[in-house]
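Chemist: Let me begin by handing over the structure; questions about it come next.
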């Protein structure tokens, strides 16, 4: 029995509210249950120095938690003067994931930055971030296409992410904070619509898992991402 | 004529949505028109080292803009590794203002941190922050009192803040971004219910102003704050 | 009765020693009683990136306290690796104030940096800094005009600053350290010769003040600045 | 055909030279072909603050590349004043991996830091680091046991790591730098002797992969780690 | 012929103005010609952590140049967020030199910090700093002895420093900025009254020098320090 | 009697293993007894901004200790976010020393960076670094000459460094860690083949020394460097 009463393969409610902020070229507030992340896509007509003159664009991600997104207040990274390893790891993952579904030549010489700011945290902030960032990116690209700045759609597929884990011996889908804190193993999957895998990060600190366990988690993730793809479709319609 | 069509002494719509996040002891999303700030109050049972053993508490503020709260994306202070002078100036102002209406002995040996994170900016982010922070503080103190942790209410009055400025020769109330960018003078007032002044910051970069001008701005601010006090009352009822 | 025995509207002795250092294009050591600040104006034939090609110049300020300018030694900001919020707030104020009396087009495409380094502190370091910085700026501009680098005088007026406060219920002028530590309210005024106001920063942490109080402080400031304008005139003659 | 001429499931030569430095409680220089990493284990009789009084120890990792470990010189992180996201990600992985095979209560209230410094890089530096860190840890623990500081062996199993990837459509084992630069997918596996998985990190930036692909990479990793376990056994004998 | 017209073994005028600031326990403004350094000694009743419980004190030095102490303005280290290698090298030298003439047990469990802030630079700032720091230290120790906080004088001798160099083939004493910029070799000597050497730092970037050259520079330094010792005696009398 | 049993003028064994890493244009692992430093020379076809267009090159040095090069683990400078004063002092010395024997015009518009990373420390790490850096530089320059990138050899002489000190009253050569910790005086000499001196840094913290002492240390250093020059010759042959 999961603490939340959910079935092992049951997701939390997903909601995606697009256009949450007015300045960004694309934005949404995505919720996986009580986890809420504001995702914005900012288009800039400049590219990183190492890409200049190559006729292609760039997609990158940034991530942060508001200080009181969590149960107890965390100190502000800007005040400490540096980003934690965890933050950097997550924002590298966000950028890498979105780049996996974006054709950089079709994007043209511009950069899109996906800012994922966690308003409220209850487990799964990085997976909600990736799933919401795709929506923000899709909206921003739609805007660029509507304006004629881009001719051919650079987005090759939808991408979504979900966490799974082994909780008291049972593989479960979409861990919330309480489950995450007690999981024997914790895995994040970034999946592409159509069955391809963009990223697997499966970690054991306490108990470990075997090949069979990994596959069961992957199956759950495929179910979860199917739901997210639907919610994304609804959102950008 | 103001760009927004407002009368010189007309505020933008104020809304205050309390309980916007679930972890903070007090929270609200305050809007002054399109400016939206998430204010949370976090209670911690510890005080700064220099206050230890004095039988009193502390109230402090922190402030940040999400990178894409603004028209063009600003870089993340956590990524740059330091907070700008502007950020530090504002968060010092927030803390000072709220301390002006809080009796530190009645608060007891605990610290309340008011985090003001700007979700969307359209002028007046610091004044919305202070006005919303009071609501979050009020809610957090109510909770402490309901739990019996505090006996006597440490909050001595309501406090609110508003910007005024001289726009094309006319004193106007509650500047939005377009007005703020073109104002001859820009003033922020932090006022206490009942007529007292907690802080005046009136600045001229282009044109300057005289004593008469200062007074006219103060009168506008008093009108504006009266409206905010009403909205605060509604919100915490 | 003020701790120093001064009358409520009595300034401390002001002295301005020009040419205190030989390298700077303009320099002075300004004293407000025991507060002593070295102000230098450095002319550089370059401008900030965001001003390039606009045919105008820039004036900016920097501020620092020597570690043992104060009663007890403060740690060196260079050693801590960052400037305090207070330092940044003051140097922003210095730059903004001097820009209020300088025509940037007449200055031409060059930058003048006003460094205000506090040699000894006894209250009022920011107001002495602004008042002395004007002298250093005046001398540097005179030099540029004498050399023919500037045709028309870009300085439109004198500018000076003074602190006032409410001390044991009485509005007083030019607070020293002891008064400043115990003041109910503390206000800094930056005034332009001729009656205009460039900046008001009036703060209450303990007691608050009302409109009447604000006006009485402003009147004191006008008297104080009149004395400073005289001392500036003497200094640059 | 692999650039190196190796068969798809062929590892590079592994060598482990123990006792490479004299001060560390355990140390080795591990080579995976031309990749060479110096791994040292440092025992300190202190633990992180958040573990105090819990009767258990801690194992952590740090990672760095010498500036000219690579084809072109990289700038020194100490000179830049911060560690890259990549460095932090790797050192978090090293610590997590080693903790997966260490019983913290048996270790007792002490910390062992595993420093992995890359002397020469040719692909697979993180996997060589983990594999070598285990050897350094084993030697340090042996020393503590020989001295009587630890009664019961806290190390529960051997742990090793290897990279695999899909190179020109073929799953290959132990990528060197040239293969890594051109791989369609890149996966790092941290495996525990006996078949358990401690960590999977499988990433696609260009092409993506499916479940079948993930399994084939895991199989290769199991073969590779079997070889590393043998080399570790030889080294610590 | 030296640019300044001085004889090879001729010092610039030395002046030492004690009591230059009122808060420091000891202070002076020392000038070697146009080089002017403010030296303050701050006594604190605390010691570095690694000295606790050893019954001894500590003497340390800090050094900084005001931004416009030099011909062209240098950026402020506090603004850059770190101290240059040159600054750190000099402040380490200052501390080491003063410790060479201070008996730490007689000083007792307190720390004296010698702050050397260069008001104006014209070559020899580090040697003026050390020479002036001794005066500030002597005055601070005198004060501690007068107050009865210290029984036995911890200062064992006078210490002074001077630069020498080979300028156009001729060994010269007390280099000013122009000579320093063109010297073939540049040496700083820290000498103790009575003939002992505390520190020699002799550097060649362009031409090099031999044993004979080193000795001739040392002889000049001995002559120079004899003059400084006299000035120190006058100052602290 | 020295702790190591060596005669006062006896060096530790010197070994220089060239080509220790494959990517660097020149590299060696130099040992002075148990002190081992990896020195690499990296050639880059770019120069510092302030040298552009002057037709000359630059040679610079960087220095670091691996965390467990020492008896007890030191924290990583990259993790602390800044380099210590000691590190900066040493890397400035390395660069300055190597520049003393390199003709920058013959080198041409390129930069050679000498990285000295201490693998194991037992006293004398800076002198081993300089001595090894020369070998790495020689090898890199040989490579550039063989490739035809440089016509005329820019290296004008060999350079080497050695530490000497006064240990229990006796001047001794090549201090190891134990001697260094207890030396009354500690001197580092950088000497050029043929008798010229590039740098002397002689320091006393405890006891001091006189002219005679300085000369005796210099004589020892000349003997020591003669041995190092031989080892350098062997290494680059």
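Chains as they are written, first to last, in the UniProt record's numbering: chain A, 1 to 237; chain B, 1 to 237; chain C, 1 to 237; chain D, 1 to 237; chain E, 1 to 237; chain F, 1 to 237. Cβ coordinates follow ideal geometry from the N, Cα and C atoms, glycine included.
1) Does the distance from the CB of residue 18 of chain B to the CB of residue 160 of chain B come in under 8 Å?
2) Nearest to residue 51 of chain C by CA position, among C:104, C:134 and C:78, is which residue?
3) Check whether the Cβ of residue 113 of chain D lies closer than 8 Å to any Cβ atom in chain F.
4) So within the segment 42 to 115 of chain E, which uninterrupted alpha helix (DSSP H) runs reach at least 4 residues, ignoring any that extend past its ends?
5) Just to confirm before moving on: does the CB-CB distance between residue 115 of chain F and residue 77 of chain F stay below 8 Å?
6) In terms of DSSP beta bridges, what is residue 15 of chain D paired with?
7) Identify the contact partners of residue 168 of chain D in chain A, using a Cβ-Cβ distance below 8 Å as the criterion.
8) How would you write the range of the beta strand (DSSP E) that residue 189 of chain C sits in, first residue to last?
9) At a CB-CB cut-off below 8 Å, which residues of chain D make contact with residue 216 of chain A?
10) Report all residues from its chain with a CB closer than 8 Å to the CB of residue 95 of chain F; omit the five preceding and five following residues, and keep chain order.
11) Listed in chain order, which residues of the segment 143 to 163 of chain E have Cβ atoms closer than 8 Å to some Cβ of chain F?
12) Can you tell which of A:187, A:212, A:191 and A:211 has its C-alpha closest to the C-alpha of residue 203 of chain A?
13) Identify each residue in the segment 193 to 210 of chain C for which the Cβ-Cβ distance to at least one residue of chain B is less than 7 Å, and report them in chain order.
14) Is the beta carbon of residue 110 of chain F less than 8 Å from the beta carbon of residue 57 of chain F?
15) Per DSSP, which one or two residues make a beta bridge with residue 167 of chain D?
16) Starting from residue 40 of chain C, follow its DSSP beta bridges and name the residues at the other end.
17) For residue 13 of chain B, count the other beta carbons within 10 Å of its own beta carbon; 16 or more makes it buried, fewer makes it exposed. Which is it?
18) Secondary structure at residue 155 of chain D, three-state DSSP: helix, strand or coil?
19) Give the secondary structure of residue 211 of chain A by DSSP, where H, G and I count as helix, E and B as strand, and everything else as coil.
20) Identify which residue in E:23, E:65 and E:39 has its Cα closest to the Cα of residue 123 of chain E.
21) Please list, in chain order, the residues of the segment 38 to 59 of chain F that have any C-beta partner in chain D closer than 8 Å.
22) Who are residue 147 of chain D's beta bridge partners in DSSP?
23) Examine chain A for any beta-carbon lying closer than 8 Å to the beta-carbon of residue 73 of chain D, and answer yes or no.
24) Between residue 221 of chain B and residue 8 of chain B, what straight-line distance do the alpha-carbon atoms span, to the nearest angstrom?
25) May I have the straight-line CA-CA distance separating residue 10 of chain D from residue 212 of chain A, to the nearest angstrom?
26) Our contact map puts residue 37 of chain A next to residue 125 of chain A with C-beta atoms below 8 Å; I'd like the distance itself, whole angstroms only.
27) Measure the alpha-carbon distance for residue 74 of chain A versus residue 24 of chain B and round it to whole angstroms.
28) With the cut-off set at 8 Å, would you say residue 225 of chain B and residue 129 of chain B are in Cβ contact?
29) Is there a C-beta anywhere in chain B that falls below 8 Å from the one on residue 66 of chain A?
30) May I ask which residues mark the beginning and end of the beta strand (DSSP E) holding residue 199 of chain C?
31) Please tell me whether residue 85 of chain F has its Cβ less than 8 Å away from any Cβ of chain E.
32) Since residue 166 of chain D and residue 185 of chain D are thought to touch, with beta carbons under 8 Å apart, how far apart are those beta carbons, to the nearest angstrom?
33) Where does the unbroken alpha helix (DSSP H) through residue 179 of chain B begin, and where does it stop?
34) 8 Å is my cut-off, CB to CB: does residue 80 of chain F come that close to chain E?
35) Show which residues of chain E have a CB atom less than 8 Å away from the CB atom of residue 238 of chain F.
36) Say whether chain B places a C-beta atom closer than 8 Å to the C-beta of residue 21 of chain A.
Modeler: So, from the listed chains and residues:
1) Going by C-beta atoms, residue 18 of chain B is not nearer than 8 Å to residue 160 of chain B.
2) It is C:104.
3) Cβ-Cβ to chain F under 8 Å: yes for residue 113 of chain D.
4) Runs found: 77 to 80, 85 to 99 and 104 to 107.
5) The answer is no: Cβ separation not under 8 Å.
6) When beta bridges are read from the DSSP output, residue 15 of chain D appears opposite D:31.
7) One finds nothing in chain A with a Cβ atom closer than 8 Å to the Cβ of residue 168 of chain D; even the nearest lies about 18 Å away.
8) Residue 189 of chain C -> beta strand (DSSP E) spans 185 to 192.
9) Within 8 Å Cβ-Cβ: nothing; residue 216 of chain A doesn't reach chain D, min ~12 Å.
10) Answer for residue 95 of chain F: 59, 60, 61 and 114, listed in chain order.
11) Across the segment 143 to 163 of chain E, no CB contact with chain F closer than 8 Å is found for any residue.
12) If you compare the alpha carbons of A:187, A:212, A:191 and A:211 with that of residue 203 of chain A, the shortest gap goes to A:187.
13) Listed in sequence order: 195, 196, 197, 198, 199, 200, 201, 202, 203, 204, 205, 208, 209 and 210.
14) In this structure, residue 110 of chain F lies near residue 57 of chain F, with their beta-carbon atoms less than 8 Å apart.
15) Residue pairing from DSSP places residue 167 of chain D in a beta bridge opposite D:170.
16) DSSP, once it has assigned bridges, lists C:27 and C:115 as partnering residue 40 of chain C.
17) Exposed is the call here.
18) Correct three-state label for residue 155 of chain D: strand.
19) DSSP places residue 211 of chain A in helix when its eight states are reduced to three.
20) Residue 123 of chain E has its Cα closest to that of E:65, out of E:23, E:65 and E:39.
21) Taking 8 Å as the Cβ-Cβ cut-off, the segment 38 to 59 of chain F approaches chain D at 38, 40, 42 and 44, given in chain order.
22) According to DSSP, residue 147 of chain D shares a beta bridge with no other residue.
23) Closer than 8 Å: no.
24) Rounded to whole angstroms, residue 221 of chain B to residue 8 of chain B spans 12 Å at the Cα level.
25) Answer to the nearest angstrom: the Cα atoms are 25 Å apart.
26) About 6 Å separates the two Cβ atoms, so the contact holds.
27) Distance between the alpha carbons of residue 74 of chain A and residue 24 of chain B: 12 Å.
28) Judged by their CB atoms, residue 225 of chain B and residue 129 of chain B are not nearer to each other than the 8 Å cut-off.
29) Contacts with chain B at 8 Å (Cβ-Cβ) include residue 66 of chain A.
30) In the DSSP annotation of this structure, the continuous segment of the beta strand (DSSP E) that includes residue 199 of chain C starts and ends at 196 to 204.
31) Yes - at least one Cβ of chain E is within 8 Å of the one on residue 85 of chain F.
32) That belief holds up - the Cβ atoms of residue 166 of chain D and residue 185 of chain D are roughly 5 Å apart, short of 8 Å.
33) Run containing residue 179 of chain B: 177 to 182, per the alpha helix (DSSP H) assignment.
34) Not an interface residue.
35) The requested residue 238 of chain F is not part of the displayed model; chain F covers only 1 to 237.
36) Taking Cβ atoms only, chain B reaches closer than 8 Å to residue 21 of chain A, which makes this a yes.
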